[in-house]
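Below is one structure; the comments refer to it alone.
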Amino acid sequence: MLKALYLFHAYAPMAAQALACKLQKMARRGWHLTEYRYGHLKFKRGQPIDAAYAVIYLPDANEYDPKRPESQGVYIAMCEESGWELVTVYGSLHVFRSLDPHAIPIETDDRLRLQMIERVTPKPYLRTMIFYMIWPMIFLFPFRYAYLSGSLFESYETFLVLSLPLSLFFYGTTELLWYYLWCALSRKRTAEGLPLFSPLTRLRVFLRKLYALPLALVYLRVICLLPKWSHKFLLLSILFAAPLFCQAIDDLTLAYAKKKNERDIYVEQDYRKYTVYIIQILGIIGLVRMLWPYFKTF
Amino acid sequence: MAREKFQTLTEQMYYILLCLREEHYGADIAELVRQWTDGSVVIGPGTMYGLLDDFQKEGLIRLTKTEGRRRSYRITDKGNAMLEAEYRRLLRLTEDYHKYGFKTEN
Chain S
47 MLKALYLFHA YAPMAAQALA CKLQKMARRG WHLTEYRYGH LKFKRGQPID AAYAVIYLPD
107 ANEYDPKRPE SQGVYIAMCE ESGWELVTVY GSLHVFRSLD PHAIPIETDD RLRLQMIERV
167 TPKPYLRTMI FYMIWPMIFL FPFRYAYLSG SLFESYETFL VLSLPLSLFF YGTTELLWYY
227 LWCALSRKRT AEGLPLFSPL TRLRVFLRKL YALPLALVYL RVICLLPKWS HKFLLLSILF
287 AAPLFCQAID DLTLAYAKKK NERDIYVEQD YRKYTVYIIQ ILGIIGLVRM LWPYFKTF
Chain W
-1 MAREKFQTLT EQMYYILLCL REEHYGADIA ELVRQWTDGS VVIGPGTMYG LLDDFQKEGL
59 IRLTKTEGRR RSYRITDKGN AMLEAEYRRL LRLTEDYHKY GFKTEN
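Residue numbers (the working numbering), protein chains in the order written: chain S, 47 to 344; chain W, -1 to 104.
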């Protein structure tokens, strides 16, 4: 029987509610969150329980500084006195659990919750996303003449190397777009006395998938320019393999879980991150292939 | 901006200030409000923390005691004035309802 399970979870304060729902579902299936580290949620097997979860991003926290601000201690103490236990902390992310599934939520004022998210988000997250947008532009700037002369995509290794910054650029752009869109919609809703904008994951995953479209167009351009059929076949397979590859991973996980009598295992289907990983791996392969002749001379 | 934020008080803000006419620990206020309102107004600990922090920054309440991570607060004169103003505003709304609301219905 599986004893521990690891799932990816990208840093996203605006998807806190979605994560809390997911943790609740997992606990009902006997998977209990033990910690969150470096973009991974770690679950351990236990008895299925109906517990409530709350995911809170607190300001003034820093994953590089082990000394926690005093204000956080007061916040955590107030939650603990209300029956919420702290499960894990990573930087500004705090996960609480209450064994009463109908416990009073930690945040009962959506306007304040939105303020907190807006306060905590710009610090580490937006800076990184802006960096993801700017750095590829600087990196790609020297290649502008090669692009204009049409020689940029003649070598598929070059393209694969360039796909690394491109993937970062589209990732950063969609994350920023999503953040501002979510904030604008949530602000409008709270002004009308409605809860925060809720189709959190679906739209976010859709936006993140959307970034793959320009990449796909670039890939198609490369396919047209490449003279060799083998390259064409390879690139086509890269383009279409990503979602199939992700599906295969999910299917394999499910098959393995079924074999281990874990029929209700939860698999997060976020193809975006797998696509990014594939592009980055291919970029590294391209880089190695480009540098291989130089290595051989030593 | 913060002044504009408290021009009118939400139910949660109103009851917190009302509670703090006597000294209370932050964590005890939520339970008191729940009892007073028969559970119709509930305040989560996170929201409570945020509101107490905002009130303190605005000078509406003051910290009276710290015991470990527990803190107790009490309303200030400025907070009292704001609570009174809110009470008068709500009273005027109620009076107007009785004065004009029934007339138009009839």
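For every residue, glycine included, the Cβ atom is placed at its ideal position computed from N, Cα and C.
These figures come from a predicted structure and were not determined experimentally.
- Apart from sequence neighbours up to five positions away, the residues of its chain that approach L30/W with a beta-carbon distance below 6 Å are C17, ordered along the chain.
- By the rule that beta-carbons nearer than 8 Å mark a contact, Q33/W does not touch chain S.
- With 16 or more neighbouring CB atoms inside 10 Å of its own CB, S232/S falls in the buried class.
- Excluding residues up to 5 positions away in sequence, C229 lie with their Cβ nearer than 7 Å to the Cβ of E164/S in the same chain.
- Under DSSP, S70/W takes part in a beta bridge, and its partners are Y23/W and K63/W.
- Taking 8 Å as the threshold, the shortest C-beta distance from E127/S to chain W falls below it.
- Between R60/W and A25/W, the C-beta spacing is not below 8 Å.
- With 16 or more neighbouring CB atoms inside 10 Å of its own CB, E221/S falls in the buried class.
- With respect to chain W, the C-beta atom of V101/S has no partner C-beta closer than 8 Å.
- Contact annotation: the segment 75 to 87 of chain W does not touch the segment 27 to 47 of chain W, with fewer than three C-beta pairs closer than 8 Å.
- Closest by C-alpha distance to F142/S, out of D155/S, Q161/S, Y121/S and L158/S, is Y121/S.
- For Y13/W, no beta strand (DSSP E) segment is defined; the enclosing uninterrupted segment is the alpha helix (DSSP H) at E9 to C17.
- Residues of the same chain with a CB within less than 7 Å of the CB of G92/S, apart from the 5 flanking positions on each side, are G76 and H78 in chain order.
- Here DSSP, grouped into helix, strand and coil, assigns I95/S to coil.
- A direct Cα-to-Cα measurement between G57/W and K76/W gives close to 7 Å.
- Nearest CB-CB separation between A83/W and chain S: not below the 8 Å threshold.
- For the pair F89/S and L132/S, the CB atoms are not nearer than the 8 Å cut-off.
- CA-CA distance, E93/W to F216/S, rounds to 58 Å.
- Within chain S, the residues whose beta carbon sits less than 8 Å from that of M46/W are M124, listed in sequence order.
- The C-beta of V120/S comes closer than 8 Å to at least one C-beta of chain W.
- Not flagged as an interface residue toward chain S: R72/W, since no C-beta distance is shorter than 8 Å.
- In the DSSP secondary-structure assignment, W77/S is bridged to R91/S.
- In terms of CA proximity to G48/W, E153/S leads the group T343/S, E153/S and I184/S.
- Collapsing the DSSP output to three states places F243/S in coil.
- In the structure shown, H55/S adopts coil according to DSSP, grouped into three states.
- Within the DSSP bridge table, the entry for Y136/S names L139/S as partners.
- Distance check between D155/S and each of A58/S, R235/S and A66/S places R235/S closest, using alpha-carbon atoms only.
- Judged by beta-carbon spacing, A66/S lies beyond the 8 Å limit of A97/S, meaning their Cβ atoms are not closer than that value.
- For the set Q70/S, M60/S and L227/S, the Cα lying nearest the Cα of H148/S is the one of Q70/S.
- Under DSSP, A100/S takes part in a beta bridge, and its partners are F142/S.
- Under the 8 Å criterion on CB atoms, A25/W is classed as interfacial with respect to chain S.
- Nearest CB-CB separation between M162/S and chain W: below the 8 Å threshold.
- For G77/W, there are no C-beta contacts with chain S under 7 Å, since the nearest C-beta of that chain is about 18 Å from it.
- Looking at the DSSP output, E131/S sits in a beta bridge with R143/S.
- Taking C-beta atoms as the reference points, A28/W and S128/S count as a pair closer than 8 Å.
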